[in-house]
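*Asks:* Residue numbers in the sequence shown follow the numbering used here, run continuously in steps of one, and reach 194 at the last position.
Backbone N, C-alpha and C fix where the C-beta goes; we use that ideal spot for every residue, glycine too.
Have a look at this one before I ask anything.
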Amino acid sequence: FIELEELSLLDEMIKEKLKPPIGIHKEIIQLVKMYNEDHLHIILHFSTNIICLAILSGSFFLSKEELVIFNSWVQEFFYNLNDSIKAFFILLVTDFFVGFHSTRGWELVIRWVYNDLGWAPNELIFTIFVCSFPVILDTCLKFWVFFC
Numbered sequence: 047f048i049e050l051e052e053l054s055l056l057d058e059m060i061k062e063k064l065k066p067p068i069g070i071h072k073e074i075i076q077l078v079k080m081y082n083e084d085h086l087h088i089i090l091h092f093s094t095n096i097i098c099l100a101i102l103s104g105s106f107f108l109s110k111e112e113l114v115i116f117n118s119w120v121q122e123f124f125y126n127l128n129d130s131i132k133a134f135f136i137l138l139v140t141d142f143f144v145g146f147h148s149t150r151g152w153e154l155v156i157r158w159v160y161n162d163l164g165w166a167p168n169e170l171i172f173t174i175f176v177c178s179f180p181v182i183l184d185t186c187l188k189f190w191v192f193f194c
């Protein structure tokens, strides 16, 4: 009979130890809700990006005639400029996107993309992207200018 009492007492002690205090239990529930909301936001961001891509693709394929007209207008405008103004625009665009002052802009762009996709910010990826992508883009633009 004593062993049965000790076993029931031990069982009650184990049950009491396994019950978290009410404050901790509420915090756990709150953390689980935040975790679920974050995942829901990631899914919503991804689905809205897919919908946006589908709408843009559909409008691109359905309005090819308008795009051809717009493209011809832009080409005519650009080809009617003299060579010094064309060179100025090429240098301006190149310097704007790949100049020494553009690192903050690239950092803002990649942060915006990360936030739009619902990803957690990663400083290492930001640094690597800001250090390498403008250099690669500058190299491609110089190749295009000098060899095409």
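If you draw a straight line from the alpha carbon of V144 to that of V78, how long is it in whole angstroms?
*Replies:* Start at 1 with the first residue of the sequence shown, and residue 144 comes out as number 98. Start at 1 with the first residue of the sequence shown, and residue 78 comes out as number 32. Going from the Cα of V144 to the Cα of V78 covers about 43 Å.
*Asks:* Can you give me the start and stop residues for the alpha helix (DSSP H) that A133 sits inside?
*Replies:* Here residue 133 refers to the residue found at position 87 of the sequence shown. Segment 129-144, the alpha helix (DSSP H) holding A133.
*Asks:* For G151, tell me which candidate among W190, I75, T173, S103 has the shortest Cα-Cα distance.
*Replies:* Here residue 151 is taken as the residue at index 105 of the sequence shown, counted from 1. Here the closest residue by C-alpha is T173.
*Asks:* Where does G164 fall in DSSP's three states?
*Replies:* Taking the sequence shown and counting its residues from 1, one reaches residue 164 at position 118. In the three-state scheme derived from DSSP, where H, G and I count as helix and E and B as strand, G164 is classed as coil.
*Asks:* Return the CA-CA distance between C177 and T149, expressed in angstroms with no decimal places.
*Replies:* For the purposes of this step, residue 177 is taken as residue 131 along the sequence shown, with counting starting at 1. For the purposes of this step, residue 149 is taken as residue 103 along the sequence shown, with counting starting at 1. About 8 Å.
*Asks:* Could you give the distance in angstroms between the alpha-carbon of T197 and the alpha-carbon of E73?
*Replies:* The first residue shown for the chain is 47 and the last is 194, placing residue 197 beyond what the model contains.
*Asks:* Does the distance from the C-beta atom of L113 to that of F106 stay below 9 Å?
*Replies:* Position 67 of the sequence shown, counted from the start, is the residue given in the question as residue 113. Position 60 of the sequence shown, counted from the start, is the residue given in the question as residue 106. Closer than 9 Å, so yes.
*Asks:* Mind checking whether I88 and G164 have CB atoms under 9 Å apart?
*Replies:* Within the sequence shown, numbered from 1, the residue matching residue 88 stands at position 42. Within the sequence shown, numbered from 1, the residue matching residue 164 stands at position 118. Yes. Within cutoff.
*Asks:* Three or more C-beta pairs closer than 8 Å, one from the segment 133-144 and one from the segment 179-193: is that the case here?
*Replies:* Judged by Cβ distances under 8 Å, the segment 133-144 makes contact with the segment 179-193, as three or more pairs qualify.
*Asks:* Let me check understanding here. Comparing Cα to Cα, which of A133, A100, D84 lies closest to A166?
*Replies:* On the sequence shown, position 120 is the one that residue 166 refers to. Ranking A133, A100, D84 by Cα distance to A166 puts D84 first.
*Asks:* Please report the distance separating the alpha-carbon of I103 from that of H71.
*Replies:* As a working mapping, residue 103 is identified with position 57 in the sequence shown. As a working mapping, residue 71 is identified with position 25 in the sequence shown. It should be pointed out that residue 103 corresponds to Ser in this sequence rather than to Ile. Here the alpha carbons of H71 and S103 stand approximately 48 Å from one another.
*Asks:* Roughly how many whole angstroms lie between the Cα atoms of F179 and N168?
*Replies:* Counted from its first residue, the sequence shown places residue 179 at position 133. Counted from its first residue, the sequence shown places residue 168 at position 122. Looking at the two C-alpha atoms, the distance is approximately 16 Å.
*Asks:* Is the distance from the Cβ of I136 to the Cβ of V191 below 9 Å?
*Replies:* If you number the sequence shown from 1, residue 136 lands on position 90. If you number the sequence shown from 1, residue 191 lands on position 145. Yes, the Cβ-Cβ distance between I136 and V191 is below 9 Å.
*Asks:* Please tell me whether I156 and F134 are closer than 9 Å, where the distance is taken between their beta carbons.
*Replies:* Residue mapping note: residue 156 aligns to position 110 of the sequence shown, counting from 1. Residue mapping note: residue 134 aligns to position 88 of the sequence shown, counting from 1. Contact: no.
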